[in-house]
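Okay, so here's the structure we're looking at.
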Amino acid sequence: RASDFADVMGLALPAQRTIHDLLVNLILPSVDHVYVNHMRDMRSTVRNVMDGRGLDISIDGRYDSPGYSATNCTVSTIDLKTNLIIMVVNMHKRMRGIEGKSGRMEKEGVREGLKRIAALVYKLEKKKSCPNIQFWRRKIINHAYFVHLKYARNRARGLNYWMSVLPHVTGRHSHFQKIPFLNGISKCKHTKLGRDTTHLIKRDSDEYQELKAVILKTTFLSGFLRASPKKNTSPNECFNSIINMYAPKKNASTPPWYEERVKLATLHFNNLSLLNMLNLREERYDTSVKVIGRGSRAVKRKMAKVDHAWRREVR
Numbered sequence: 515r516a517s518d519f520a521d522v523m524g525l526a527l528p529a530q531r532t533i534h535d536l537l538v539n540l541i542l543p544s545v546d547h548v549y550v551n552h553m554r555d556m557r558s559t560v561r562n563v564m565d566g567r568g569l570d571i572s573i574d575g576r577y578d579s580p581g582y583s584a585t586n587c588t589v590s591t592i593d594l595k596t597n598l599i600i601m602v603v604n605m606h607k608r609m610r611g612i613e614g615k616s617g618r619m620e621k622e623g624v625r626e627g628l629k630r631i632a633a634l635v636y637k638l639e640k641k642k643s644c645p646n647i648q649f650w651r652r653k654i655i656n657h658a659y660f661v662h663l664k665y666a667r668n669r670a671r672g673l674n675y676w677m678s679v680l681p682h683v684t685g686r687h688s689h690f691q692k693i694p695f696l697n698g699i700s701k702c703k704h705t706k707l708g709r710d711t712t713h714l715i716k717r718d719s720d721e722y723q724e725l726k727a728v729i730l731k732t733t734f735l736s737g738f739l740r741a742s743p744k745k746n747t748s749p750n751e752c753f754n755s756i757i758n759m760y761a762p763k764k765n766a767s768t769p770p771w772y773e774e775r776v777k778l779a780t781l782h783f784n785n786l787s788l789l790n791m792l793n794l795r796e797e798r799y800d801t802s803v804k805v806i807g808r809g810s811r812a813v814k815r816k817m818a819k820v821d822h823a824w825r826r827e828v829r
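Going by the numbering used here, the sequence shown opens with residue 515, and the numbers climb by one from there.
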């Protein structure tokens with residue numbers, strides 16, 4: 515396209531072969547040099563931060579195009595404490611062991627449990643014996659996400675606040691000491707509510723017993739205690755979106771060129787993570803967006819543009 519544009523405008527551009535030689539002999543070695551030094555520095559940073567306590571990482575894979583047409587796969591490893599990429603592996607579908615299948619490696623977290631709880635609550639609201647569940651469904655799901663993220667260090671306390679949903683839906687918001695399955699908390703965290711009793715659930719009703727069986731489901735409770743809100747692949751998904759800037763899925767690339775594009779995306783992502791660690795990124799504004807699959811809304815932050823010093827090193 516650049517060559518066609520130059521022909522129309524009467525401009526003289528280097529031949530395609532000349533540009534290719536410049537990339538191979540000058541630009542790509544420069545990118546490789548900056549990338550190797552950068553990754554060495556990132557691993558040193560992570561090693562200093564962890565201070566002998568071990569790593570907490572997430573691993574995720576990305577195909578360069580959807581479905582059977584994909585040829586390249588990038589698997590990223592991110593340290594969850596610093597949000598820095600410490601390893602990137604690029605694979606081709608013809609490599610032994612890949613066989614055209616996804617290299618995606620999801621780390622099982624509490625989100626799967628939350629989805630199952632949401633599905634169970636959704637089934638309850640469809641029952642004629644549970645007329646008030648529809649009113650409470652979204653509130654219960656949002657409450658699950660809230661306590662999961664709020665009580666990252668004290669999982670037992672977070673579990674108690676999760677189970678406090680049961681007295682809450684009956685209109686009881688204090689004096690929890692007398693409730694057998696609630697230990698260590700005395701009341702709800704929210705401010706004083708109105709006196710609307712339209713959708714309150716009676717404690718002696720079948721509807722309450724159905725909801726109680728869902729809230730106190732043993733597999734979810736045990737999973738909640740073991741889970742950490744930081745143990746998910748959301749940082750990897752952010753990195754995958756940055757790869758889309760450098761290697762869009764609509765454009766095919768050979769494995770060597772694809773790998774170079776991923777290196778640029780890695781430099782970009784880690785630079786943003788370092789600036790976040792140093793509190794040097796400025797927030798311009800935030801907006802409310804709908805989260806697919808959660809039935810709720812989240813806050814999306816728009817950050818100001820930053821200076822990528824590594825780009826000057828490549829030049």
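C-beta: ideal position from N, C-alpha, C; glycine also.
Of the listed residues the options, nearest to residue i (C-alpha basis)
{"i": "T684", "options": "P694, V661 and D710", "result": "D710"}
{"i": "E830", "options": "Q648, M523, Q530 and C587", "result": "The structure shown does not extend to residue 830, since the chain is modelled only from 515 through 829, so no value can be given for it."}
{"i": "A761", "options": "V776, S748 and P770", "result": "V776"}
{"i": "V603", "options": "N668, A529 and E773", "result": "E773"}
{"i": "D570", "options": "M553, R576 and K595", "result": "K595"}
{"i": "S678", "options": "L792, T801, S748 and I729", "result": "I729"}
{"i": "Y665", "options": "T733, R576, R740 and R652", "result": "R740"}
{"i": "I573", "options": "N646, M759 and D593", "result": "D593"}
{"i": "H822", "options": "S787, R608, H782 and L540", "result": "H782"}
{"i": "V545", "options": "S787, T780, L786 and R815", "result": "T780"}
{"i": "K726", "options": "P681, W824 and D800", "result": "P681"}
{"i": "L792", "options": "S590, F753 and V820", "result": "V820"}
{"i": "L673", "options": "K716, N750, R652 and K731", "result": "K731"}
{"i": "S767", "options": "V813, T585 and Q723", "result": "T585"}
{"i": "M556", "options": "T591, H606 and K804", "result": "T591"}
{"i": "T747", "options": "K701, G575 and G524", "result": "G575"}
{"i": "W513", "options": "P543, A529 and F519", "result": "This structure gives no information on residue 513, because the portion of the chain shown stretches from 515 to 829."}
CA-to-CA distance, residue j to residue i, given in whole angstroms
{"i": "A670", "j": "A658", "result": "14 Å"}
{"i": "I693", "j": "S558", "result": "50 Å"}
{"i": "S719", "j": "F738", "result": "27 Å"}
{"i": "L714", "j": "N784", "result": "49 Å"}
{"i": "F690", "j": "G698", "result": "9 Å"}
{"i": "L786", "j": "S802", "result": "22 Å"}
{"i": "N646", "j": "F660", "result": "22 Å"}
{"i": "L527", "j": "S517", "result": "7 Å"}
{"i": "V538", "j": "M817", "result": "35 Å"}
{"i": "E827", "j": "I541", "result": "11 Å"}
{"i": "K641", "j": "N754", "result": "41 Å"}
{"i": "F703", "j": "H687", "result": "In the sequence as presented, Phe is not what sits at residue 703; that position holds Lys. About 9 Å."}
{"i": "F734", "j": "H662", "result": "12 Å"}
{"i": "R651", "j": "L696", "result": "21 Å"}
{"i": "R830", "j": "W676", "result": "In the structure as shown, the chain starts at 515 and stops at 829, and residue 830 therefore has no counterpart that could be examined."}
{"i": "H552", "j": "L778", "result": "11 Å"}
{"i": "V813", "j": "D800", "result": "6 Å"}
{"i": "E620", "j": "L525", "result": "For E620, the predicted structure reports a pLDDT of 31, less than 50, and the residue's modelled location is therefore unreliable. A value from the coordinates is still provided. Going from the Cα of E620 to the Cα of L525 covers about 50 Å."}
{"i": "V563", "j": "K607", "result": "36 Å"}
{"i": "N765", "j": "M759", "result": "11 Å"}
{"i": "R717", "j": "K763", "result": "54 Å"}
{"i": "K701", "j": "S736", "result": "23 Å"}
{"i": "M605", "j": "L707", "result": "55 Å"}
{"i": "Q723", "j": "N668", "result": "28 Å"}
{"i": "F519", "j": "E751", "result": "36 Å"}
{"i": "T705", "j": "I655", "result": "19 Å"}
{"i": "K653", "j": "T712", "result": "15 Å"}
Contact belief for residue i with residue j at Cβ below 8 Å, rounded distance in angstroms
{"i": "I600", "j": "V560", "result": "6 Å"}
{"i": "L789", "j": "R798", "result": "In fact, because the Cβ distance is near 14 Å, the residues do not count as touching under 8 Å."}
{"i": "T588", "j": "I757", "result": "6 Å"}
{"i": "W824", "j": "V548", "result": "6 Å"}
{"i": "N597", "j": "P749", "result": "5 Å"}
{"i": "K804", "j": "R815", "result": "Between R815 and K804 the Cβ distance is about 16 Å, and since that is not below 8 Å, they are no contact."}
Near the ligand NAP: residue i beta-carbon under 7 Å from a heavy atom
{"i": "L598", "result": "For the structure depicted, the ligand NAP is absent and the ligand set is empty, with no information on it obtainable."}
Min CB distance residue i to chain D below 8 Å
{"i": "F783", "result": "In the structure shown, chain D does not exist; there is a single protein chain."}
Report the residue ranges of all beta strand (DSSP E) runs contained in full by the segment 685 to 736; include only those spanning at least 3 residues, in chain order.
none
Handout entry: Whole runs of the beta strand (DSSP E) within the segment 758 to 826, excluding any shorter than 3 residues
Key = If only complete runs of 3 or more residues are kept, the segment 758 to 826 shows the beta strand (DSSP E) at 797 to 805 and 810 to 817, in order along the chain.
Q.
Please give me, in chain order, every unbroken run of the alpha helix (DSSP H) with length at least 4 that falls completely inside the segment 521 to 564.
A. 530 to 536 and 542 to 564
* Does the segment 574 to 589 come close enough to the segment 519 to 538 that 3 or more CB-CB pairs lie under 8 Å? -> no
With a floor of 3 residues, list each beta strand (DSSP E) that falls wholly inside the segment 642 to 667, ordered by position along the chain.
none
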